[in-house]
Structure formats: structure tokens, C-alpha cells
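Asker: Below is one structure. I have some questions about it.
Number of protein chains: 2
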Amino acid sequence: MEKLYIIKIGGNIIDNPVELDSFLRQFSAIDGYKILIHGGGKLTTEIAEKAGIKQTLIDGRRITDAETLKIAVMVYAGWINKSITAKLQALNCNAIGLSGADANMITAEKCKHPSIDFGFVGDILPDGIRSKSIIQLLESDFILVFCAVTHNGKGQLLNTNADTMASALAVALSNDFEVSLVFCFEKNGVLADANDDSSLIPELSVSDYEALKQKGIVTKGMIPKLDNAFNARKLNVQNVMIGNASQLAQIISKQKDAATYILN
Amino acid sequence: MEKLYIIKIGGNIIDNPVELDSFLRQFSAIDGYKILIHGGGKLTTEIAEKAGIKQTLIDGRRITDAETLKIAVMVYAGWINKSITAKLQALNCNAIGLSGADANMITAEKCKHPSIDFGFVGDILPDGIRSKSIIQLLESDFILVFCAVTHNGKGQLLNTNADTMASALAVALSNDFEVSLVFCFEKNGVLADANDDSSLIPELSVSDYEALKQKGIVTKGMIPKLDNAFNARKLNVQNVMIGNASQLAQIISKQKDAATYILN
Chain A
7 MEKLYIIKIG
17 GNIIDNPVEL
27 DSFLRQFSAI
37 DGYKILIHGG
47 GKLTTEIAEK
57 AGIKQTLIDG
67 RRITDAETLK
77 IAVMVYAGWI
87 NKSITAKLQA
97 LNCNAIGLSG
107 ADANMITAEK
117 CKHPSIDFGF
127 VGDILPDGIR
137 SKSIIQLLES
147 DFILVFCAVT
157 HNGKGQLLNT
167 NADTMASALA
177 VALSNDFEVS
187 LVFCFEKNGV
197 LADANDDSSL
207 IPELSVSDYE
217 ALKQKGIVTK
227 GMIPKLDNAF
237 NARKLNVQNV
247 MIGNASQLAQ
257 IISKQKDAAT
267 YILN
Chain U
7 MEKLYIIKIG
17 GNIIDNPVEL
27 DSFLRQFSAI
37 DGYKILIHGG
47 GKLTTEIAEK
57 AGIKQTLIDG
67 RRITDAETLK
77 IAVMVYAGWI
87 NKSITAKLQA
97 LNCNAIGLSG
107 ADANMITAEK
117 CKHPSIDFGF
127 VGDILPDGIR
137 SKSIIQLLES
147 DFILVFCAVT
157 HNGKGQLLNT
167 NADTMASALA
177 VALSNDFEVS
187 LVFCFEKNGV
197 LADANDDSSL
207 IPELSVSDYE
217 ALKQKGIVTK
227 GMIPKLDNAF
237 NARKLNVQNV
247 MIGNASQLAQ
257 IISKQKDAAT
267 YILN
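In order, the protein sequences belong to chains A and U. So in the working numbering, the last spot in the first sequence is 270, and the numbers never skip. So in the working numbering, the last spot in the second sequence is 270, and the numbers never skip.
Given below as C-alpha cells:
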């Protein structure tokens, strides 16, 4: 099978132009098929707060009323997605910026939560990834850049978690490619001590993960990310790593201690 | 040659949800290859003015400083482009929303004006349309939806006139397709009396156009639109029409008096 790299970058990288440029340089140098998924950064919150729209995040998910959705789509699918696309083009990387609505590639439904109304937040449907269109674009030598916006197929755009999107894409495409799914953020991986960057845990099994959660070493923000990572690995994604965006080249070349590798 | 429809809609249609829905229904019903190019509507000006960024338009071109560019890209490539894409998908029209930066499809350079600094406004380069990528996507059965944002190939996004973009796309693709270029707006076409919708001029030659300009019948806002239309016709675009967005089906089926047809 051909290799496919699915790389997710978080908001902290997007908010730092120097780190973003370094990351995009490393991303553009990867040989072969690749997909980038990006989160949002601080801009959505900034614009919403300037407009007097109070923002609430619960477990990393933004409560998304109609006005917040508009701002989120503007920021994610507009400014961030097209800025990244233009920067990648300048690096001779033939990027095409997309949301899940484009070519109907990712469909979702409004998040159903027993007690919280998250508004226009979308959960990707079990059959929500249209692999055929994605493969068609990859085989046309396009590099796909997804923002974390999906739709319900009935005209409604939905704000969707970028980690979940990366995981769902990796799972759907692991039948057709040998997928490496890399979650990039501002830390070196899963750390035994959150304040010590040198305490990297190079490999993490489900039982290790459970133990770290019980000991309170894995913090709140890391739990949804790691849940997505373990879920992808469980559903046969061939390689799943969590590491520092600045070390992407080392992670891709599987250098020792370059990231945390997620085990079965 | 296969037929290709290139349809441009203006801001007044985008700002009216009922008219936009009716237009999109008619657009989605067109058989065969098609491209939609959309302008911006009032949202960019609204957001910029709320943020205290004064907006200046000269001959229909927006003076675009860095902050205005950010807002324009958010609105055009983000909210409007993805809303239209999601609506078309709901109509079973396999739309994919794009800017000129995506797949490097449209490159431009910063507008050079002898006396006015337009900022981040882009003029499409003579060889700025990458037909090969556009044809590849059309032949993959995608419907392309372009917002009026381009890039310079060096990482800089640029705000570009949507009429000019439609005209440039039509010219570049008229070698490979029999192109019908339709400029849709809120009037029935070119009118002999701007206040009388029944005074449609069904056919317009260059000499008629010159005469209408001299008599002051063709108004300021119409001149750049008609210049783009005549330029496309002169450069061998097979069919060029200007008409009412609500009459798209009649225009496409070449009904009598459905629009103004641009003659050589």
C-alpha cells in the first residue's frame, strides 16, 4: 500500500507565525500523499469577544450559537485555511484548502449531549467520510488542507473538533493507504511530568494510558486528544504519533524519542 | 466541444437569502460542467466598520489594507463560499469551494495604479489561470465555486474583482470548452432606462455600448462589468450574457429577452 501522512496541527502553532512557517516547511518536504488538518487558534475567540458574543468551552468544545458559527467558519475556512494554502503553494506544495462541505467529503450531525446544548457543533457520522472523493484528489496530486468545519448534507455548516476529524479521516483511509497519523502540538508528546519537556514517554499502551489518567498525570486537555489517538490505532490506523510540531521531520522519519508512539 | 457554464453572482443576490436560494436551485439544475464565481455582499463592510476600519471603494475596487484583507478573506473564502457550497450540496450539486490560491488555480499581482495605492488588491496575471487543474476538477465531476480571492504565488493572498475573475476564467477555458459566461445581478440586463426594468436591451454591440456610455445611459457601476463582458467576447468566449439572477434558467436556455447578449 502507498503511504499517506495525515498531520494535525493545533491552535498554538497557528498563532505563532515563526513556528507555523517552520512546520509548513517540514510538512511540504514530506514525500508522497499527505493531508493537513488544522485547528483554530485564538482568532475566533478574539473576534467573538470584540463583537460581544460570550464564548464558552466545555471539554475543549466550543458552544456554537449561530453568530459564533459564522465567526468560526470565517476564521477556520477563510483566513486560516487560505493563509496556510497560500504559504504551502509558495513552498511548491500543491495545496487545496477544504472544509467537510466541499465535495461533500465529511458529513456530521448536530452533537447530541444529554445535558448540554452545544449548538452548531458537529459529530462526524460513522459513514461520514467520502473516501472516494478524497482519494480522487490525492491521486490528482493535490495536498489536502482541511479546516475543522463540516456540514450535515442539508445545507447546515457545523463546527467540528479537529483532532476527531484527523482521527476519522485516518480510520476511513487506512483501508486504502498505510496511514501515519500525527497529532502535532507545542509539547514533545505525552510527558511523565507536564512541566518537564525531557520527560517524554516514547511509547504508550492503552494500559499505560489508563494508569496515567488514574494518577492524574495526563491532564484534561490531553484526554480527548489521546482518546482520538487510541481510537484510531484500535481501528487499524497503522501508525499514530503525538509530538512537537517543530520536530515533524524527525517524527516522520521515525527518529528515536521524537514523539510518543501510540501502541495497540 | 463540451459546454461549460461560468456564472457570476453579485453581492446584492448574496445578501438576499430568498433570491440566493432561488438562484442556487436554478444553478444546480444546469446540466453539465459549471463554475460559479461569487462576490462579497455587505458583510465585509459591516464587519470592517464595526471594527473601526474605514472602508473606501474607488470604481468598485476596495482599498484593501492588511486588516481589511483579513476580513475580506474571512467573509468571501470562509462564510459566503462555504455557505454556498453547503447549500449546493443539499441540492445534490457536488460543489467544491475554492479561492485562487487553492491548487494554485489563479495567480495575481498587486494592482499597479499610477496614483492610488489599492493595497492588497490583485490583478490576475495574463498567464494566471491554471486551466489544467481546473479541467481536472471539472472532469472529476466537481462543480467549482470560486470566491474573489487570489494569491501571488509567494504566500500573499489578494482581494480580486469577481467580474474580472469570471471573465479571465472564461477566456482561459474557451479553448477547451464552448463557454457561456453569465453575469447575474439584480437587474434584467443592460437597460435603456436604469429605472425601467422593461427597457432591456436584448443585444449589445461594442458600438452600441460606446454610444450608451457617451449618452450617460450606462452608469458608473455598469462600466467595469460591461468592460469585462466585452473583453471576454473579444477574446473568443463563445457566449456572454448579462441578466437577472432570478432568470438564470431562462438565460441558460437562451429564451428571448431573458438577458442582454453581448455581441462581437
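Every residue, glycine too, gets a C-beta built ideally from N, C-alpha and C.
1. Do ILE248/A and ALA238/A have their C-beta atoms within less than 8 Å of each other?
2. Quick one, are the C-beta atoms of LYS48/U and ASP27/U less than 8 Å apart?
3. Give me, in chain order, the residues of the same chain whose beta-carbon lies closer than 6 Å to that of THR271/A; leave out the 5 immediate sequence neighbours on both sides.
4. Looking at chain A, is there any beta carbon in it that lies within less than 8 Å of the beta carbon of LYS260/U?
5. Among the residues of its own chain, which have a CB less than 8 Å from the CB of GLY159/U, if the five just before and after it don't count?
6. For the region 128–146 of chain U, which residues have a CB atom closer than 7 Å to at least one CB atom of chain A, in sequence order?
7. Can you find a CB in chain A that lies within less than 8 Å of the CB of VAL81/U?
8. So which residues of chain A does PHE29/U contact, with C-beta pairs closer than 7 Å?
9. Quick one: using the 10 Å Cβ neighbour count with 16 as the cut-off for buried, is ILE90/U buried or exposed?
10. Strictly below 9 Å CB to CB, what residues from chain U border SER34/A?
11. What did DSSP end up calling PRO132/U once you bin it into helix, strand or coil?
12. Under 9 Å Cβ-Cβ, which residues of chain A neighbour LYS48/U?
13. Would you identify the three-state DSSP class for SER289/U, choosing helix, strand or coil?
14. What do you get for VAL24/U, buried or exposed, if any count of 16 or more other CB atoms within 10 angstroms of its CB means buried?
15. Which residue wins for smallest C-alpha separation from MET171/U, given the options ILE41/U, ALA96/U, LEU63/U, ASP214/U?
16. Identify every run of the alpha helix (DSSP H) within the region 152–221 of chain U, keeping only runs that are complete inside it and at least 4 residues long; order them along the chain.
17. With a cut-off of 8 Å, does the C-beta of VAL177/A fall near any C-beta of chain U?
18. What does VAL155/U reach in chain A if we use C-beta pairs closer than 8 Å?
19. Which residues in chain A have a C-beta closer than 8 Å to the C-beta of GLN95/U? List them in chain order.
20. By the three-class DSSP mapping on this structure, what secondary structure does THR113/A have?
21. Suppose contacts are defined by Cβ-Cβ distances below 8 Å. Is TYR215/U in contact with LEU241/U by that definition?
22. Quickly, what does DSSP pair VAL246/U with across the bridge? List them, please.
23. What's the gap between the Cα of LYS93/U and the Cα of ASN201/A?
24. Going by DSSP, what residue range makes up the alpha helix (DSSP H) through GLY17/U?
25. Once the 5 residues before and after VAL155/U are set aside, which same chain residues still bring their CB inside 8 Å of it?
26. What residue from ASP123/A, ILE86/A, LYS56/A, ALA101/A has the CA that sits closest to LEU63/A's CA?
27. If I follow the unbroken beta strand (DSSP E) through LYS40/U, where does it start and stop?
28. Can you find a C-beta in chain U that's less than 8 Å from the C-beta of ILE102/A?
29. Give a yes or no on whether the minimum CB-CB distance between ALA92/U and chain A is below 8 Å.
Answerer: Based on what the coordinates show:
1. no
2. no
3. The structure shown has nothing for residue 271/A, since chain A only spans 7 to 270.
4. no
5. ASN110, THR113
6. GLN142, SER146
7. yes
8. Neighbours of PHE29/U on chain A: none; closest Cβ ~14 Å, over 7 Å.
9. buried
10. By Cβ distance, chain U contributes nothing, its closest Cβ being about 12 Å from SER34/A, past 9 Å.
11. strand
12. The premise fails here: LYS48/U is roughly 14 Å from chain A at the closest Cβ pair, so nothing lies under 9 Å.
13. Lying before the first or after the last residue shown, residue 289/U is absent from chain U, which here runs from 7 to 270.
14. exposed
15. ILE41/U
16. 168–179, 212–220
17. no
18. LYS88
19. ALA107, ASN110, HIS157, GLY159, GLY161
20. strand
21. no
22. LEU187/U
23. 47 Å
24. 17–20
25. ALA78, VAL79, TYR82, ALA83, SER105, GLY106, ALA107, LEU163, LEU164, ASN165, THR166
26. ASP123/A
27. 39–44
28. yes
29. yes
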